[in-house]
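Below is one structure, written out as C-alpha cells; comments come after it.
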Amino acid sequence: MRLGMSSYSLYQAISKGDMDIIDVIDWVKEIGGEHLEIVPMGFDFIEKPDLIEKVREKAAQLKIDLSNYAIGANFICESDETYDKEIKRVMQHVDICAQLGIKFMRHDLASRDPHERTLDFFIKDLPRLVEACQRIADYASGKGIVTSIENHGFYVQASDRVQTIVRQVNRDNFRTTLDVGNFLCYDENPLTAVKNNLPFASVVHIKDFYYRQDKMNRYGGWFETHFGNQLRGAIVGHGDLPMPEIINLLKASSFDGYVSIEFEGLEECRFGARASFDYAKSLLFA
1 MRLGMSSYSL
11 YQAISKGDMD
21 IIDVIDWVKE
31 IGGEHLEIVP
41 MGFDFIEKPD
51 LIEKVREKAA
61 QLKIDLSNYA
71 IGANFICESD
81 ETYDKEIKRV
91 MQHVDICAQL
101 GIKFMRHDLA
111 SRDPHERTLD
121 FFIKDLPRLV
131 EACQRIADYA
141 SGKGIVTSIE
151 NHGFYVQASD
161 RVQTIVRQVN
171 RDNFRTTLDV
181 GNFLCYDENP
191 LTAVKNNLPF
201 ASVVHIKDFY
211 YRQDKMNRYG
221 GWFETHFGNQ
231 LRGAIVGHGD
241 LPMPEIINLL
251 KASSFDGYVS
261 IEFEGLEECR
271 FGARASFDYA
281 KSLLFA
C-alpha cells in the first residue's frame, strides 16, 4: 500500500490563496507522502489547461505519484439531453485524467432531496445510473483508466447501494473509491461497511468524524446525517471511527493500492492533514 494525501485536505488553504496545487505537491513530498490525489477544487484544469502539464511535471520531478482524480457529477437529470451532456462533461475530465497520467478516476453519481433517497427511488433510478457508469467506464478503458464511484452524497452512500452499482455496471475497470468515514453519513456501521465493500475498492480514503446521536443543537462545522444524527470532520485518530480496527481490516485484505488521507476538520488544514497522515502511517506500517 502507498500512503498519500487528497488535495481536498488542503482546500482550506487553497481557497484562501495560501497554497496552490503546485505548493500542495511540494508539501506532500515534505511530509513523506508517496502520492497525491487530485480534486480540482480551488483550481480548474478546463479554464487553465496549461496547469495540467505543470502539475504532471512537478509530481514527476519530486517522484510523487498522481494517484486518483476525483470530480463531482449527478446523473439524475430532467431530460435525456441534460443526461448526455453530463456524461460528456465527465468524459472531458477522463481526458484530463489521462493527460495527467493518472490511472484511477472517481466521479460522483447522483443526488436527491432527503425525502427522495428511498429504496423505491433508487430502484427506479438504477438503470440510468448504471448506464452512465458503463458509458464512462467504456470510454476510460481505452485510456487505461479505472473509474469508480465513492460512498458519497447520501443517495448512493450505503455499502449495499454502492456494491449494487458496481456489480450491475459489470466492467473490469469500474470499482469503488472506498471512504472509510463516509458510511456514517448514512448512519451505517463503518467497520461492517468497510468489510462489505473492501473487495471492490480501487482506492481507499482514510477519514474520521465526530459522531453524535443526542440531537442537541450544535454549531460550527456540524452537519446532519441521513437519519438526523450529527457529524463533524476530525483529525484521523481523534474522532469516533474505530480506526485501528478499520486499518487492520485493510492490512488483512488483498488491497495493495493507494491510500489517501482526506481531512475535513475545523483545525488548520496543514496541521490537521499532517497529524492525520502521521497517525495513519503509524497504524498502516506498524
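Note that UniProt numbering has the sequence shown beginning at 1, numbered continuously upward. Virtual Cβ for every residue (Gly too), placed ideally from N, Cα, C. Source: prediction; values computed, not measured.
Among Trp27, Gly33, Ile21 and Leu249, whose alpha-carbon lies nearest the alpha-carbon of residue 313?
Past the edges of the chain, shown from 1 to 286, lies residue 313, and the structure says nothing about it.
Can you tell which of Arg117, His226, Ala73 and Lys29 has its C-alpha closest to the C-alpha of Lys58?
Here residue 58 is taken as the residue at index 58 of the sequence shown, counted from 1. Out of Arg117, His226, Ala73 and Lys29, Lys29 has the C-alpha closest to the C-alpha of Lys58.
Helix, strand or coil for Phe69, going by three-state DSSP, please let me know.
One-based indexing of the sequence shown puts residue 69 at position 69. According to the sequence displayed, residue 69 carries Tyr and not Phe. Here DSSP, grouped into helix, strand and coil, assigns Tyr69 to strand.
Looking only at its own chain, which residues have a Cβ that is under 8 angstroms from the Cβ of Val156, when we skip the five neighbours before and after it?
Here the question's residue 156 lines up with position 156 in the sequence shown. Excluding sequence neighbours, Val156 sits near Leu109, Ala110, Phe122, Leu129, Ile149, Val162 and Ile165.
Distance, Cα to Cα, Ala60 vs Glu116?
By 1-based counting over the sequence shown, the position of residue 60 is 60. By 1-based counting over the sequence shown, the position of residue 116 is 116. Near 45 angstroms, if we compare the C-alpha coordinates of Glu116 and Ala60.
Let me know the secondary structure DSSP gives Asp179 once reduced to three states.
For the purposes of this step, residue 179 is taken as residue 179 along the sequence shown, with counting starting at 1. Here Asp179 sits in strand by DSSP.
What separation, rounded to the nearest whole angstrom, lies between the Cα atoms of Asp133 and Gly4?
The sequence position of residue 133 within the sequence shown is 133, counting from 1. The sequence position of residue 4 within the sequence shown is 4, counting from 1. For clarity, residue 133 is Cys in the given sequence; the question names Asp instead. Roughly 27 angstroms between the two C-alpha positions.
Cutting at 8 angstroms between CB atoms, please list the residues of its own chain near Lys281, excluding the five before and the five after it.
Taking the first residue of the sequence shown as position 1, residue 281 is located at position 281. Once the five neighbours on either side are set aside, the close Cβ partners of Lys281 are Leu3 and Gly32.
Between the segment 207-218 and the segment 249-256, do at least 3 Cβ pairs fall closer than 8 angstroms?
no
Enumerate in chain order the residues of its own chain whose CB-to-CB distance from Tyr69 is below 6 angstroms, with the five nearest sequence positions on each side excluded.
The residue you call residue 69 lines up with position 69 of the sequence shown. Excluding residues within five positions, the ones whose Cβ falls inside 6 angstroms are Ile38, Cys97, Ile102 and Met105.
State the Cα-Cα distance for the pair Trp27 and Gly272, rounded to the nearest angstrom.
Residue numbering aside, residue 27 sits at position 27 when the sequence shown is read from its first letter. Residue numbering aside, residue 272 sits at position 272 when the sequence shown is read from its first letter. Their backbone Cα atoms lie some 13 angstroms apart in a straight line.
For Arg230, which beta-bridge partners are listed by DSSP?
For the purposes of this step, residue 230 is taken as the residue at position 230 of the sequence shown. Per the sequence presented here, residue 230 reads as Gln, with Arg not at that position. For Gln230, which the question treats as bridged, DSSP gives the partners Arg212 and Glu224.
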